[in-house]
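J.:
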Amino acid sequence: HLHVLVSRGEPPFFASVWMDWYRSNASAPFAVDMIEGNEVRLNGGVRYAPKTDGERNDMFERFFLTFSPTFEETLPTIANPPAKRGQEAGTRLWQESWGPQDYAREHERSQKLRTYGIEMLTQCNHEITWRDGGESFTFRTQSAPGKGGDAALQQYIQNQRSLGWRSGLYTNYTDYAPVNEYWDVDMVMRRSDGNLVTAWPRCYSPKALFAVEMDRKLAPLIQKKFNTNAAYTDVHTAVSPWDRCDFDARAPGAGTFAATFYAYGELLLHDQDVYDGHCWSEGHHQWLYSGLCTGNYGLTYSNLHLWDYPYLPHFDLMKMHPLNVDMGMPWTSHFFNGNENWSNPENIVTSIDQFIAATIAYGHIGWLVEEAYGIRKTCRSYYMLQQLQSRYVMREPLEIRYGAEFGTVSSSQALLTGDWKRSRLFVRYPNDLQILINGNAKEHWDFTHDGVKHTLPPYGWLAVSGRDFYESSEWIDGRRCDRVGSPEYLFLDGRGEFLQYEGVGTSGALAVLRSKEESGLTLYAIEGVDMFTLQIVAGDFPADDVRSVITEAARSERLTIQAFNQNNERVGIARVRRPGSWEIRSLEPAIRFELRLKSEG
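Using our numbering, the first residue of the sequence shown is number 13, and each one after it goes up by one.
1) Which complete beta strand (DSSP E) runs does the segment 57 to 128 hold, if anything under 3 residues is left out?
2) Tell whether a beta-carbon distance below 7 Å holds between residue 211 and residue 148.
3) For the alpha helix (DSSP H) that residue 615 lies in, which residues bound it at each end?
4) Looking only at DSSP bridge pairs, what is residue 20 linked to?
5) Which runs of the beta strand (DSSP E) spanning at least 3 residues fall entirely within the segment 156 to 183, listed in chain order?
6) Out of 313, 247 and 527, which has the shortest C-alpha to C-alpha gap to residue 341?
7) Looking only at DSSP bridge pairs, what is residue 543 linked to?
8) Any chance the segment 248 to 267 sits against the segment 226 to 239, with 3 or more Cβ pairs inside 8 Å?
9) Verify whether the separation of the beta carbon atoms of residue 520 and residue 541 is less than 7 Å.
10) Using only the alpha-carbon positions, how far apart do residue 143 and residue 113 sit?
11) Return helix, strand or coil for residue 557, following the three-state DSSP convention.
12) Can you give me the start and stop residues for the beta strand (DSSP E) that residue 606 sits inside?
13) Beta carbon of residue 28, beta carbon of residue 73: below 7 Å?
14) Once DSSP output is grouped into helix, strand and coil, what is the label at residue 371?
15) For residue 242, does the three-state DSSP call read helix, strand or coil?
16) Kindly indicate the opening and closing residues of the beta strand (DSSP E) around residue 491.
17) Pull the bridge partners of residue 618 from the DSSP assignment, please.
18) Once DSSP output is grouped into helix, strand and coil, what is the label at residue 578?
19) Of all the options 446, 532, 124 and 429, which has the alpha carbon lying nearest to the alpha carbon of residue 21?
20) In whole angstroms, what separates the C-alpha of residue 581 from that of residue 605?
21) Cβ of residue 561 within 7 Å of Cβ of residue 526?
22) Just reading off the beta strand (DSSP E) that residue 396 is part of, what are its end residues?
23) Just mark residue 47 as buried or exposed, buried being the case when its beta carbon has 16 or more other beta carbons within 10 Å.
24) Evaluate contact between the segment 90 to 104 and the segment 40 to 60, counting only Cβ atoms and requiring at least three cross-stretch pairs below 8 Å.
25) Where do the ends of the alpha helix (DSSP H) carrying residue 276 lie?
26) With a Cβ-Cβ cutoff of 7 Å, do residue 615 and residue 537 count as a contact?
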């Protein structure tokens, strides 16, 4: 774990000490953090354990000791290259199928999501695509025969990609089963006493260089056979390299965690190349591997409850964030681990707001909220994150400040005074994007930004980038409303009350996009939309901006409008023309409206 010392003396300062994990010859670090009298012990040290021949490696270590009045200067630097296609990966949300157990059922579910406009998504699948029961699920290229074998999995991947999604399969080279066709006991890591290093149940840990060798062999075969354009390379960033240290004296780098660290890093870099620059891993020790894979789950396996802990995103945003694209916090149920009531009907709306707000605070891409909690919340996570994350992904903030009693204060000042515990966060990015997030569970946050007064409810946020982009989940006229204005789409949700924004008005949740093929609009009526209005948008926008198309539609005397239900069947509509505006209703439940500016015939 990573600790920084805070001294509130005169003058106050921050201090840290970090081992150089790139140069260490040790077997493992250890942690001892304590203050006794005038003695401070910070971040422990390192240990050298004997190899199987009884010898220990020669000691070689380098440490970095920092004292500074500025908190951010005490954080360790991660000297990895950035993810090769991280910027592109950051334009999509992420979700796991957790299987699937049934390919047809999963694709049917995916098609339903797609009908709501959810196109920019990476979906990966889990280990059961490779096995039906207790057989090996790694180091293989043949898929589960009971699910239809290779042909069925190939068709499933093709179907998922046809939605415009990226689709990836599960792999790892850390869990090596004795029933696997490539099993060789000499390719298993050894502990100091010569015993085999265990891994997942029924599995052992393969030697790190053997893992690299097998990934070089199998990953291209898997990608070619199933035509995937993403991959979930599990476990490698979850286990620490010192927990997978090989003490076999016959092996290169025996007794050093660095041997495993460098091997796993090489493997992840290779998977980026094989899977079109989209290789994802599990996380927990992801800070070591930031940039070596495209991204990881934004998780920690610990007693730290992210839903309850005040926002402290500096190491993530300033050191990890510029290198890779971590996703979610990570998924909903894991984020709320330890909070038994989070998904109760009376809590679920606030819980999803909290989940999305934390994702933004830590600069991650979105985990697509599961539709089991309601399609409105699923689409809220998609439309409130897709354009916003595209603007902050892999960008190092220029500053991170905290809201205080009057205005904002520096992170260092907030840590000294305790203001950071109120979780009122201000982040400014180099592309002029400014984000304010209220992570406080009990208090509203009132402030003025660019001359406009705002009130953020618990887990509310405001994100602004010039005139081009505006997003907020804030208090308006005594109620919470969601709004996104961008060149790509408009999204608004008055949460049961009529809301007018950028020329569009409705009482429900509505997304408005430019039509892909013709001049016009595609609108997704997510929930609660019995009627919507189109009016002239104030201000000038480029011709390809959706807000310009809304204005053009509002001015048009004739529109061609078609409405479609969940099954893509046309339903009837009614329209009312008023000066400079249109009011449109569907006569039956409709999800998608196609609006063209030129009438047929």
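Note that CB positions come from ideal geometry on N, CA and C, so glycine has one too.
T.: On the basis of the coordinates in this document:
1) Counting only runs that start and end inside the segment 57 to 128, the beta strand (DSSP E) elements of at least 3 residues fall at 57 to 59, 75 to 80 and 105 to 108.
2) Between residue 211 and residue 148, the CB-CB gap reaches or exceeds 7 Å.
3) Look at the range of the chain in this structure, 13 to 613, and you will see that residue 615 is not part of it.
4) According to DSSP, which records beta bridges pairwise, residue 20 is partnered with nothing at all.
5) List check, beta strand (DSSP E) in window: 178 to 183.
6) It is 313.
7) Its beta-bridge partners are 597.
8) No: the two stretches stay apart, fewer than three of their Cβ pairs being nearer than 8 Å.
9) Their beta carbons are under 7 Å apart, which means residue 520 touches residue 541 by this criterion.
10) Roughly 10 Å between the two C-alpha positions.
11) If DSSP states are grouped into helix, strand and coil, residue 557 belongs with coil.
12) Looking at the DSSP string, the run of the beta strand (DSSP E) that includes residue 606 is 604 to 608.
13) In this structure, residue 28 keeps its C-beta atom at 7 Å or more from the C-beta atom of residue 73.
14) Helix.
15) Strand, per DSSP.
16) In the DSSP assignment, residue 491 falls within the unbroken beta strand (DSSP E) covering 491 to 497.
17) Only positions 13 to 613 of the chain appear in the structure, and residue 618 is not among them; the question remains open.
18) Of the three classes helix, strand and coil, the one that applies to residue 578 here is coil, per DSSP.
19) Checked all of 446, 532, 124 and 429; the closest Cα to residue 21 is 429.
20) Computed Cα separation, rounded: 11 Å.
21) Yes, the pair counts as a contact, with Cβ atoms nearer than the cut-off.
22) Bounds of any beta strand (DSSP E) do not take in residue 396; it lies within the alpha helix (DSSP H) bounded by 387 to 404.
23) With fewer than 16 other Cβ atoms within 10 Å, it is exposed.
24) Verdict: no, contact absent.
25) Here the alpha helix (DSSP H) through residue 276 covers 269 to 286.
26) Since the first residue shown for the chain is 13 and the last is 613, residue 615 is missing from the structure and cannot be characterised.
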